[in-house]
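Notes follow once the structure below has been shown.
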Amino acid sequence: MLFGSSLEDKLFSPSLPLIDTRSFNFLNVPSLPAREKKIRISEQKSKIPRLEQLFKKENRFITLHHFANHELMAIELFAWAILKFQNVASSVRFGLYRTLLEEQTHLRMYLFEMKKGGMELGDRPLNSIFWKQVPRMQTLEKFYAIMAISFEGANLDFSKIYTMAFEHFGDLEKADIMKKVYEDEIKHVRRGYRYVKKRMPDSKSEWDYYLSLIEFPFTPRRAKGYHYFPETRIQAGFSEEFAAKLGRYEDEYTGKVNSRILKEVLGMS
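Taking our numbering, the leading residue of the sequence shown gets 51, the next gets one more, and so forth.
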């Protein structure tokens with residue numbers, strides 16, 4: 051998944067019983083994954099369509115392309131984590147692998163649906179927003195703080211928002227995909243949060259420990275969507291205090307999304 055360059059390599063899922071092998075030399079892992087030309091990482095910007103633009107079928111497929119890029123990076127980074135963190139319990143490593151398999155399922159669903167619109171992964175630029183965090187993920191606690199609590203946590207909000215958006219515009223197939231993604235992300239976020247919580251010093255609260263695991267310019271803003279659903283974090287096992295503090299968190303980038311769109315398109319305040 052890291053050294054193979056094709057989509058087929060990224061979606062490879064062994065069917066045989068797995069053995070926890072820990073003899074891999076992590077120094078051999080590349081700083082970026084191998085990618086064939088079609089799906090190569092690009093520095094070119096590619097914006098996701100705004101919610102009010104989803105009445106156009108093309109924009110709904112572009113939105114899935116945006117999400118598919120995130121799934122591809124998640125697959126690669128969970129493979130990276132399995133190779134990187136060889137000193138943790140097998141149960142933890144198999145947890146990483148279970149998450150990886152479900153990310154592969156999400157990517158397959160996105161690719162299948164995109165194909166209906168004549169779109170393939172790589173038809174638009176693919177960024178490396180997750181891979182850019184690798185220098186900040188050098189322990190498993192930090193990896194889970196960024197990948198599970200933050201990025202996948204934010205996807206709890208986004209998957210709910212886009213379920214409603216696709217339903218609003220009558221695209222039930224895409225809405226069903228987002229529902230499945232949401233169900234799996236709950237498990238992924240819970241898995242990461244539990245791992246981090248078990249290693250929390252007695253002297254720190256859950257929120258303060260989370261803050262100690264992330265490094266500026268990465269902030270808790272990355273851990274939620276532009277509309278926050280605190281009940282999703284409670285469902286994923288967060289304490290009420292943590293969920294509330296995340297909801298109250300603001301920084302200089304907070305509030306730049308036009309809340310009017312959420313209100314007018316989805317009837318949310």
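The C-beta atom is built at its ideal place from N, Cα and C for all residues, glycine as well.
* Which of the three DSSP states, helix, strand or coil, is assigned to residue 91? -> strand
* To do: Measure the alpha-carbon distance for residue 78 versus residue 132 and round it to whole angstroms.
  => 14 angstroms
* Counted within 10 angstroms of its Cβ, other Cβ atoms place residue 119 as buried (16 or more) or exposed -> buried
* Buried or exposed for residue 183, please, with buried defined as at least 16 other CB atoms from any protein chain shown within 10 angstroms of its CB. => buried
* Asked: Applying the criterion that 16 or more other CB atoms from any shown protein chain within 10 Å of the CB defines a buried residue, is residue 281 buried or exposed?
  -> exposed
* Sort 178, 258 and 273 by Cα distance to residue 95 and report the nearest one. => 178
* Would residue 73 be called buried (16 or more neighbouring beta carbons within 10 Å of its own) or exposed? -> exposed
* Asked: Would the region 143-153 and the region 85-99 be scored as touching if the rule is three or more Cβ pairs under 8 angstroms?
  -> no
* To do: Would you mind stating whether residue 209 and residue 231 have Cβ atoms separated by less than 7 angstroms?
  => yes
* To which residues does DSSP link residue 176 through a beta bridge? -> 91
* Pull up the CB-CB distance for residue 116 and residue 173, whole angstroms please, since I reckon it's below 8 angstroms. => Actually they are not in contact, since the Cβ atoms of residue 116 and residue 173 sit about 12 angstroms apart, beyond 8 angstroms.
* Among 129, 104 and 237, which one has its Cα closest to the Cα of residue 206? -> 237
* Asked: By DSSP, does residue 142 sit in helix, in strand, or in coil?
  -> helix
* Check the C-beta distance from residue 190 over to residue 245 and give it rounded, since I have them as a contact under 8 angstroms. => 7 angstroms
* Measuring alpha carbon to alpha carbon, tell me which of 288, 226 and 284 ends up nearest residue 255. => 288
* Asked: Should the region 120-127 be called in touch with the region 216-227, which here means at least 3 C-beta pairs below 8 angstroms?
  -> no
* Asked: Quick one: what does DSSP say residue 85 is sitting in, helix, strand or coil?
  -> coil
* residue 53 to residue 93 span [Cα, whole Å] -> 21 angstroms
* **Residue from 294, 202 and 90 whose Cα sits closest to the Cα of residue 156** => 202
* By DSSP, does residue 155 sit in helix, in strand, or in coil? -> helix
* Residues of its chain near residue 250, where Cβ-Cβ distance is below 8 angstroms and the 5 sequence neighbours each way are ignored -> 256 and 259
* To do: Grab me the residues of residue 234's own chain with a C-beta within less than 6 angstroms of its C-beta, minus the 5 sequence neighbours each way, in chain order.
  => 152
* Asked: Just the Cα atoms here: how many angstroms apart are residue 90 and residue 194?
  -> 25 angstroms
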